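A.B. asks: Chains F and G, in that order, give the protein sequences.
Those letters in the first sequence? Residues 11 to 480, by my numbering.
Those letters in the second sequence? Residues 36 to 248, by my numbering.
My structure is below; once you've seen it, I'll send some questions.
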Amino acid sequence: MSGKTLYDKLWDSHLVRQDDGGTALLYIDRHLVHEVTSPQAFEGLRLAGRRPWRSQSILAVPDHNVPTTDRAAGISDPVSRVQVETLDRNCSEFDITEFTMTDLRQGIVHVIGPEQGATLPGMTVVCGDSHTSTHGAFGALAFGIGTSEVEHVLATQCLIQKKSGNMQVRVDGRLALGVSAKDVVLAIIGRIGTAGGTGFALEFAGQVIRDLSMEGRMTVCNMAIEAGARAGMIAVDDTTIAYLEGRPYAPGAEHWEQAVSAWADLHSDADAGFDRVVTLDGGTLAPQVSWGTSPEMVTAIDGVVPDPDAESDPVKREGMRNALAYMDLQPGMAITDIRPDHVFIGSCTNARIEDLRAAAAVIRGRRVAAGIKQALVVPGSGLVKQQAEAEGLERVFTEAGFEWREPGCSMCLAMNADRLEAGDRCASTSNRNFEGRQGQGGRTHLVSPAMAAAAAVAGHFTDVRQVADT
Amino acid sequence: MDKFTVISGIVAPLDRPNVDTDAIIPKQFLKSIHRTGFGPNLFDDWRYLDHGEPGKDNSRRPLNPDFVLNQSPYQDAVILLGRENFGCGSSREHAVWALLDYGFRVVIAPGFADIFFNNCFKNGVLPIVLDSVIVERLFKAVAGSPGYTLRVDLPAQQITTPEQEIIGFEVDPFRKDCLIQGLDDIALTLQHADDIRRYEKARRLEAPWLFDK
Numbered sequence: 011m012s013g014k015t016l017y018d019k020l021w022d023s024h025l026v027r028q029d030d031g032g033t034a035l036l037y038i039d040r041h042l043v044h045e046v047t048s049p050q051a052f053e054g055l056r057l058a059g060r061r062p063w064r065s066q067s068i069l070a071v072p073d074h075n076v077p078t079t080d081r082a083a084g085i086s087d088p089v090s091r092v093q094v095e096t097l098d099r100n101c102s103e104f105d106i107t108e109f110t111m112t113d114l115r116q117g118i119v120h121v122i123g124p125e126q127g128a129t130l131p132g133m134t135v136v137c138g139d140s141h142t143s144t145h146g147a148f149g150a151l152a153f154g155i156g157t158s159e160v161e162h163v164l165a166t167q168c169l170i171q172k173k174s175g176n177m178q179v180r181v182d183g184r185l186a187l188g189v190s191a192k193d194v195v196l197a198i199i200g201r202i203g204t205a206g207g208t209g210f211a212l213e214f215a216g217q218v219i220r221d222l223s224m225e226g227r228m229t230v231c232n233m234a235i236e237a238g239a240r241a242g243m244i245a246v247d248d249t250t251i252a253y254l255e256g257r258p259y260a261p262g263a264e265h266w267e268q269a270v271s272a273w274a275d276l277h278s279d280a281d282a283g284f285d286r287v288v289t290l291d292g293g294t295l296a297p298q299v300s301w302g303t304s305p306e307m308v309t310a311i312d313g314v315v316p317d318p319d320a321e322s323d324p325v326k327r328e329g330m331r332n333a334l335a336y337m338d339l340q341p342g343m344a345i346t347d348i349r350p351d352h353v354f355i356g357s358c359t360n361a362r363i364e365d366l367r368a369a370a371a372v373i374r375g376r377r378v379a380a381g382i383k384q385a386l387v388v389p390g391s392g393l394v395k396q397q398a399e400a401e402g403l404e405r406v407f408t409e410a411g412f413e414w415r416e417p418g419c420s421m422c423l424a425m426n427a428d429r430l431e432a433g434d435r436c437a438s439t440s441n442r443n444f445e446g447r448q449g450q451g452g453r454t455h456l457v458s459p460a461m462a463a464a465a466a467v468a469g470h471f472t473d474v475r476q477v478a479d480t
Numbered sequence: 036m037d038k039f040t041v042i043s044g045i046v047a048p049l050d051r052p053n054v055d056t057d058a059i060i061p062k063q064f065l066k067s068i069h070r071t072g073f074g075p076n077l078f079d080d081w082r083y084l085d086h087g088e089p090g091k092d093n094s095r096r097p098l099n100p101d102f103v104l105n106q107s108p109y110q111d112a113v114i115l116l117g118r119e120n121f122g123c124g125s126s127r128e129h130a131v132w133a134l135l136d137y138g139f140r141v142v143i144a145p146g147f148a149d150i151f152f153n154n155c156f157k158n159g160v161l162p163i164v165l166d167s168v169i170v171e172r173l174f175k176a177v178a179g180s181p182g183y184t185l186r187v188d189l190p191a192q193q194i195t196t197p198e199q200e201i202i203g204f205e206v207d208p209f210r211k212d213c214l215i216q217g218l219d220d221i222a223l224t225l226q227h228a229d230d231i232r233r234y235e236k237a238r239r240l241e242a243p244w245l246f247d248k
């Protein structure tokens, strides 16, 4: 009999019951909650006269709607304010821990969970947010759910699930200097497509993944959903354990050794079978830039905008034509000739301390180019912001002409005041380049923090490996 | 949740792959704390020529005449025909609430994103996966005869065309049962409360740190 994958192990250890049809009841260890996808769930709970099954398993934070400017002024948009106040009220009524808008620990839900040690190896982690896959970086089974499921978890601590297939993406070799976790995951999506992981739990493996920091691993798992997989995950190793030790919600001294020894099993067995395996050579990867309106529409910095006429599939061809029309790009145009007028460094993909350091290293001593109308840095959490300020990164950014903001989701999805206007073009470290994602009519190019910084300085996309040399 | 047995009605074609939930319901409408009222803003960026905001009177906004739902007879469609990877992106259940509020009860596509697919079942909307060759044929049939209708019979797992052709489809037996009976699955799960408590007790012994804080 063949061994188990990491996903098999996580699945089996959370199985409460299973019926003959394969429908299973899966226990949920950690439930993360934000203001946008929870109000209807709490309302449902209240209407049915139910209470949360285990309030202690829940950590809540407002992030999507919060302003990134002066927090003391509150939220000026009355509709956004009601939603954030509704979260505050629900958490207080149901005895749920919440990092409110003015708490230093507030930030993007997928940044603060790991930062607090509230995401642990071996856990099931859910949140009403598709980028919950981020937490799989810790050897956890983590996936996004809809609001009805949020209510289900609140009421029962469980979810009704069917098991997904096992898929492994192995990235071998070593990354060149200047090539980051973001480039790895964009290249993976470019290779397998935005539906390539649909129906699978995705495990990322190989030397490149092993060599990544926890921040880098979170970036990779974060975008598993952009490859169609609800869950992405990475085996536990010393990097994972070193990251967690001493964090507020991590196991205390009384259980630390026991926990670490249990976590040692959180990897796929050598003889485990995968339904699908994809391999990439990390050594040949170049920094990536997306050119279209789907994350799979991505190419290397030394590439060109592709020609739809060269695509044989008629549905894809039409999709490419629509994308190029929306993005106002011509086939054959060099990626380095694309000139963004906005730069956004932030989001649950790339707003951790390592991301800010990588961007700052490129910017240090340089200025934002004249053609850039706005360059924003939005740290992932209050603690990331504090640390960056302590390291002097804030000054590097502001002296170069960047705005230094308060933490939140911000221009990744533009639910707050930070948004593109029609026709604006943005070099963004976020995760989605969908039409209108960063503001109606706005055009998004997905890149790594270092590449966003390089574009800010050059005024057009450029290979960060060359900027760093000068 | 409304029960789902047999639905007949007009099919609206949305001929583009990777329709994401940001397109189905743009972010500014996610600020609502209710489950209803999203229908007028379904596909807002594509459907109107101006920028939509919550609270705006949608009946006075300029419509995009090129968008399918603004063309007769698709205003009355109950079945949406889509392409690959329908519903990708954000987990927002508001996308399904918007489709339902508009009047859609069925979405047919060659493939769906997992979270969207799941959210449909929780709200009495049936997502049907059909082979891309059949979907292509349906797009052609709809283009050739606007107002084209289909009859979707969930208990029999069959779609009937106006020409009386029958197309079978697959659906998970548990989800099918929940849809037909309009079941509250939280109540179903709570029937197993003892199993959940038993699991929790064992887990607490095995991994006590998960229950510390």
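C-beta: ideal position from N, C-alpha, C; glycine also.
Source: prediction; values computed, not measured.
1) Under DSSP, the alpha helix (DSSP H) around Leu135 (chain G) begins and ends at which residues?
2) Which residue from F:Gly188, F:Ser102, F:Leu276 puts its Cα closest to that of Thr134 (chain F)?
3) Taking Cβ positions, are Lys66 (chain G) and Gln93 (chain F) nearer each other than 8 Å?
4) Does any residue of chain F bring its CB to less than 8 Å from the CB of Leu218 (chain G)?
5) Secondary structure at Pro389 (chain F), three-state DSSP: helix, strand or coil?
6) Could you tell me the boundaries of the beta strand (DSSP E) in which Met177 (chain F) lies?
7) Is the distance from the Cβ of Gln217 (chain F) to the Cβ of Arg184 (chain F) below 8 Å?
8) Would you mind working out which of G:Gly203, G:Arg172, G:Ser180 sits nearest Arg186 (chain G), comparing C-alpha positions?
9) Helix, strand or coil: which one does DSSP assign to Thr480 (chain F)?
10) Here's the rule I'm using: 16 or more other beta-carbon atoms within 10 Å means buried, otherwise exposed. How should His69 (chain G) be labelled?
11) Taking the alpha-carbon of Asp98 (chain F) as reference, which of F:Val230, F:Ala379, F:Val76 has the nearest alpha-carbon?
12) Residues of chain G with CB under 7 Å from Gly262 (chain F), in chain order?
13) Would a check of beta-carbon distances place Ala148 (chain G) closer than 8 Å to chain F?
14) Taking its Cβ as the centre, do 16 or more other Cβ atoms sit within 10 Å of Glu364 (chain F), making it buried, or is it exposed?
15) Mind reading off the beta-carbon distance from Ala410 (chain F) to Ile373 (chain F)? Whole number of angstroms is fine, and I expect it under 8 Å.
16) On a CA-only basis, which of F:Val270, F:Thr204, F:Ala424, F:Asp221 is nearest Pro243 (chain G)? Give me that one, please.
17) Is Ile311 (chain F) near Asp473 (chain F), with beta carbons less than 8 Å apart?
18) Where does Gln226 (chain G) land, buried or exposed, given buried means 16+ other C-beta within 10 angstroms?
19) For Ile345 (chain F), which residues from the same chain have a beta carbon less than 8 Å from its beta carbon, with the 5 sequence-adjacent residues on both sides left out?
20) On a Cα-Cα basis, can you pick out the residue from G:Gly182, G:Thr56, G:Cys155, G:Ile169 that is closest to Ile201 (chain G)?
21) When DSSP builds the beta bridges, which residues end up paired with Gly44 (chain G)?
22) If we cut at 8 Å on Cβ distances, does Leu151 (chain F) have a partner in chain G?
23) According to a CB-to-CB cut-off of less than 7 Å, which residues of the stretch 407-438 of chain F neighbour chain G?
24) Please state whether DSSP places Met243 (chain F) in a helix, a strand or coil.
25) Taking 7 Å as the cut-off, is the beta-carbon of His41 (chain F) closer than that to any non-hydrogen atom of the ligand ZN?
26) If we count the other Cβ atoms within 10 Å of its Cβ and call it buried at 16 or more, is Val41 (chain G) buried or exposed?
27) Short check: CB of Phe122 (chain F) to CB of Phe109 (chain F), under 8 Å?
28) For the 8 Å Cβ check, are there 3 or more pairs between the stretch 44-52 of chain F and the stretch 219-239 of chain G?
29) Which residues of the stretch 125-138 of chain G have a Cβ closer than 7 Å to any Cβ of chain F? Give them in chain order.
30) Please tell me whether Trp173 (chain F) has its Cβ less than 8 Å away from any Cβ of chain G.
31) Quick one, are the C-beta atoms of Ile60 (chain G) and Arg127 (chain G) less than 8 Å apart?
32) Could you spell out where the beta strand (DSSP E) holding Tyr37 (chain F) opens and where it closes?
33) Identify, in the order they occur along the chain, each residue of the same chain with its Cβ nearer than 6 Å to the Cβ of Arg435 (chain F), setting aside the five sequence neighbours on each side.
34) When you compare the stretch 157-166 of chain F with the stretch 151-163 of chain G, are there three or more beta-carbon pairs, one atom per stretch, that lie closer than 8 Å?
35) Got a sec: which bits of the stretch 263-276 of chain F sit with their beta carbon under 9 Å from any beta carbon on chain G, in order along the chain?
36) Following the continuous beta strand (DSSP E) through Arg453 (chain F), name the residue where it begins and the one where it ends.
C.D. replies: Put simply:
1) Here residue 135 (chain G) refers to the residue found at position 100 of the second sequence. Here the alpha helix (DSSP H) through Leu135 (chain G) covers 129-137.
2) On the first sequence, position 124 is the one that residue 134 (chain F) refers to. Considering only alpha carbons, the answer is F:Leu276.
3) Counting from one through the second sequence, the residue named residue 66 (chain G) turns up at place 31. Counting from one through the first sequence, the residue named residue 93 (chain F) turns up at place 83. In terms of Cβ geometry, Lys66 (chain G) and Gln93 (chain F) form a close pair [threshold 8 Å].
4) Working through the second sequence from its first residue, we reach residue 218 (chain G) at position 183. Taking Cβ atoms only, chain F never reaches closer than 8 Å to Leu218 (chain G), which makes this a no.
5) One-based indexing of the first sequence puts residue 389 (chain F) at position 379. Here DSSP, grouped into helix, strand and coil, assigns Pro389 (chain F) to coil.
6) Counting from one through the first sequence, the residue named residue 177 (chain F) turns up at place 167. Run containing Met177 (chain F): 175-182, per the beta strand (DSSP E) assignment.
7) Indexing the first sequence from 1 puts residue 217 (chain F) at position 207. Indexing the first sequence from 1 puts residue 184 (chain F) at position 174. Contact: yes.
8) Numbered from its first residue, the second sequence carries residue 186 (chain G) at position 151. Measuring from the Cα of Arg186 (chain G), the nearest candidate turns out to be G:Gly203.
9) Counting from one through the first sequence, the residue named residue 480 (chain F) turns up at place 470. Note that Thr480 (chain F) scores a pLDDT of 43, beneath 50, so its modelled location is shaky; the value from the coordinates is reported in the next line. Reduced to three states, the DSSP call for Thr480 (chain F) is coil.
10) The residue labelled residue 69 (chain G) in the question sits at position 34 within the second sequence. Burial call: exposed.
11) Within the first sequence, numbered from 1, the residue matching residue 98 (chain F) stands at position 88. For the set F:Val230, F:Ala379, F:Val76, the Cα lying nearest the Cα of Asp98 (chain F) is the one of F:Val76.
12) The residue you call residue 262 (chain F) lines up with position 252 of the first sequence. Within 7 Å Cβ-Cβ: Asp247.
13) Position 113 of the second sequence, counted from the first residue, corresponds to residue 148 (chain G). So yes, Ala148 (chain G) belongs to the interface.
14) For this step, residue 364 (chain F) is matched to residue 354 along the first sequence. Buried: at least 16 other Cβ atoms inside 10 Å.
15) Position 400 of the first sequence holds residue 410 (chain F). Position 363 of the first sequence holds residue 373 (chain F). Contact flag correct, Cβ pair sits at about 5 Å.
16) In the second sequence, counting from the first residue as 1, residue 243 (chain G) sits at position 208. Selection F:Val270, F:Thr204, F:Ala424, F:Asp221 evaluated against Pro243 (chain G) yields F:Val270 as nearest (Cα-Cα).
17) Position 301 of the first sequence, counted from the start, is the residue given in the question as residue 311 (chain F). Position 463 of the first sequence, counted from the start, is the residue given in the question as residue 473 (chain F). With a cutoff of 8 Å on beta-carbon distance, Ile311 (chain F) and Asp473 (chain F) are scored as near each other.
18) As a working note, residue 226 (chain G) is residue 191 in the second sequence. With a threshold of 16 other beta carbon atoms within 10 Å, Gln226 (chain G) falls short and is exposed.
19) Within the first sequence, residue 345 (chain F) is the residue found at index 335, counting from 1. Once the five neighbours on either side are set aside, the close Cβ partners of Ile345 (chain F) are Val299, Trp301, Thr309, Ala310, Ile311, Asp312, Gly313, Val314, Val315, Phe471.
20) Walking along the second sequence from the start, residue 201 (chain G) turns up at place 166. The shortest Cα separation from Ile201 (chain G) among G:Gly182, G:Thr56, G:Cys155, G:Ile169 belongs to G:Ile169.
21) In the second sequence, counting from the first residue as 1, residue 44 (chain G) sits at position 9. Looking at the DSSP output, Gly44 (chain G) sits in a beta bridge with G:Leu185.
22) Position 141 of the first sequence, counted from the first residue, corresponds to residue 151 (chain F). For Leu151 (chain F), the answer is no, since every Cβ of chain G falls outside 8 Å of its Cβ.
23) Correct list: Leu423, Ala424, Met425.
24) Residue numbering aside, residue 243 (chain F) sits at position 233 when the first sequence is read from its first letter. In the three-state reduction of the DSSP assignment, Met243 (chain F) falls in the strand class, which pools E and B.
25) In terms of ligand content, the structure shown is empty, and the ligand ZN therefore cannot be addressed.
26) Taking the first residue of the second sequence as 1, we reach residue 41 (chain G) at position 6. So Val41 (chain G) counts as exposed.
27) Your numbering for residue 122 (chain F) matches position 112 in the first sequence. Your numbering for residue 109 (chain F) matches position 99 in the first sequence. It is worth fixing the name first, because residue 122 (chain F) is Ile in this sequence and not Phe. Contact: yes.
28) Contact between the stretch 44-52 of chain F and the stretch 219-239 of chain G is absent: fewer than 3 CB-CB pairs across the two stretches fall below 8 Å.
29) Taking 7 Å as the Cβ-Cβ cut-off, the stretch 125-138 of chain G approaches chain F at Ser125, Ser126, Arg127, Glu128, given in chain order.
30) Numbered from 1 along the first sequence, position 163 holds the residue referred to as residue 173 (chain F). Going by the sequence as given, residue 173 (chain F) is Lys instead of Trp. Chain G places no beta carbon closer than 8 Å to that of Lys173 (chain F), leaving this residue out of the contacts.
31) On the second sequence, position 25 is the one that residue 60 (chain G) refers to. On the second sequence, position 92 is the one that residue 127 (chain G) refers to. Against a cut-off of 8 Å, the Cβ pair of Arg127 (chain G) and Ile60 (chain G) comes out as a contact.
32) Within the first sequence, numbered from 1, the residue matching residue 37 (chain F) stands at position 27. 33-37 is the extent of the beta strand (DSSP E) around Tyr37 (chain F).
33) Within the first sequence, residue 435 (chain F) is the residue found at index 425, counting from 1. Excluding positions up to five away in sequence, the list reads Pro350, Asp351, Arg453.
34) Taking one beta carbon from each stretch, the stretch 157-166 of chain F and the stretch 151-163 of chain G have 3 or more pairs nearer than 8 Å; the two touch.
35) The residues in question are Glu264, His265, Trp266, Gln268, Ala269, Ala272.
36) Within the first sequence, residue 453 (chain F) is the residue found at index 443, counting from 1. Residues 453-456.
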